[in-house]
Amino acid sequence: MKILGIDGCPKGWIGILIRENCEWDYLVSDSLEEIQNKFNPDYCFIDIPIVLSENNASRICDMNLRKLLPTNYRSSVFNPPVRSAIEASSYKEACEINKILTGKKISLQTWHIMPKISAVNDFLIDNTHLSSKYYESHPETFFFRLNGGIDLVNKKKTQLGRIERLNILKMIHIKAEEIYKTILSETLRKDVAYDDILDAIVLSVAGINFFPDNFEMIPEEKIEAESGALQNVFIPKKLPHLR
0 MKILGIDGCP KGWIGILIRE NCEWDYLVSD SLEEIQNKFN PDYCFIDIPI VLSENNASRI
60 CDMNLRKLLP TNYRSSVFNP PVRSAIEASS YKEACEINKI LTGKKISLQT WHIMPKISAV
120 NDFLIDNTHL SSKYYESHPE TFFFRLNGGI DLVNKKKTQL GRIERLNILK MIHIKAEEIY
180 KTILSETLRK DVAYDDILDA IVLSVAGINF FPDNFEMIPE EKIEAESGAL QNVFIPKKLP
240 HLR
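Numbering (numbering that gives the first Met the number 0), first residue to last: 0 to 242.
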């Protein structure tokens, strides 16, 4: 099996592929199509909203995911825009569209990642045969679950936070540190940040180690778009034996 983890980064996307025999590879690209064509994974876990709501401020998957997390993690699960808002040409217009349909504006954080949300939606609409292979995921929830459901002490943007997350990765995959250090040495931080690398690693190594038997789908009921893509979030189960 081949598992791909994808996270957004300043250059576009970082994709890390891991095989069951522990061989791995990566690509930093502004094109999801290029990453897909290079790796052709069996499954992909990606940190971006895949299926947007038509007129609800919060998706069921986001509301349910927040309920599973301790209070200090919940703010990392943000509300994506409604589908029609991603076509807006300005932040003001996007806020107006979202408010008309949901009663709520969008955050600046959401506005800044809307090009990536749009890119993923367009990619899966153009490649419906991949809809059953691409799963929306949430790296901070991965780290929380892989830490036995125990809160991480440090924020991921800090040096201590990076060390803490790398130590978790090293517990679950023999090549985790090699992957991290290799990508750090071969890329520039203006193209891909420290935490982007860690997030893509956790998506891929957790996937290769624990999917599908030790994963759960949020919510449990499948919410499927016309394209076949799922409006569900996939995360590892809480695995206390890892502590």
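Here a beta-carbon is modelled for each residue, glycine too, at the ideal position from N, C-alpha and C. Given the structure is predicted, the values throughout are model-derived calculations rather than measurements.
Terminal residues of the beta strand (DSSP E) in which residue i lies
i, result
"C8", "K1 to C8"
"I254", "Outside the shown range of the chain, which is 0 to 242, sits residue 254, and nothing can be said about it."
"V232", "V232 to P235"
"F244", "With the chain represented from 0 up to 242, any question about residue 244 goes unanswered, as that position is not in the structure."
As assigned by DSSP and simplified to three states, the class of residue i
i, result
"C21", "coil"
"E139", "helix"
"I173", "coil"
"L229", "strand"
"I47", "coil"
Cross-strand partners of residue i (DSSP beta bridge)
i, result
"S28", "W12"
"F77", "Answer is none; F77 lacks a bridge partner."
"M216", "F233"
"E163", "For E163, which the question treats as bridged, DSSP gives no partner whatsoever."
"E223", "L229"
Closest residue to residue i among the options (Cα-Cα distance)
i, options, result
"R161", "V201, H172, H128 and K103", "V201"
"N208", "W12, G14, G4 and E19", "E19"
"T181", "I196, K169, L168 and I167", "I196"
"R188", "N126, V27 and W23", "V27"
"K66", "I34, P40, T140 and E22", "T140"
"K236", "R144, V204 and L68", "R144"
"K308", "D121, L3, A84 and N231", "Outside the shown range of the chain, which is 0 to 242, sits residue 308, and nothing can be said about it."
"Y179", "K1, E33, V152 and D24", "D24"
"P80", "L64, S184, K154 and L100", "L100"
"I234", "I96, E176, L68 and I34", "L68"
"I171", "L3, C21, I13 and W12", "C21"
Residue range of the alpha helix (DSSP H) that includes residue i
i, result
"I96", "Y90 to T101"
"L107", "L107 to D125"
"L187", "Per DSSP, L187 belongs to no alpha helix (DSSP H) and is neither H nor E."
"K66", "I59 to L67"
Any non-hydrogen atom of the ligand ZN within 7 Å of residue i CB
i, result
"L3", "Looking at this structure, you won't find the ligand ZN or any other ligand, since it has none at all."
Three-pair Cβ contact test at 8 Å for the stretch 192-210 versus the stretch 8-16: yes
Across the stretch 201-219 and the stretch 46-61, are there enough close Cβ pairs to call them in contact, namely three or more that are closer than 8 Å? Touching, per the Cβ criterion.
Whether or not the stretch 127-147 and the stretch 36-48 are in contact is what I'm after, with contact meaning three or more pairs of Cβ atoms, one per stretch, closer than 8 Å; do they touch? A contact exists between the stretch 36-48 and the stretch 127-147.
Under 8 Å, with one C-beta from each stretch per pair, do the stretch 73-86 and the stretch 160-180 reach the 3-pair mark? At 8 Å Cβ cutoff, the stretches do not touch.
Does the count of Cβ pairs from the stretch 87-97 and the stretch 116-129 closer than 8 Å reach three? As far as the Cβ criterion goes, the stretch 87-97 does not touch the stretch 116-129, which means the pair count is below three.
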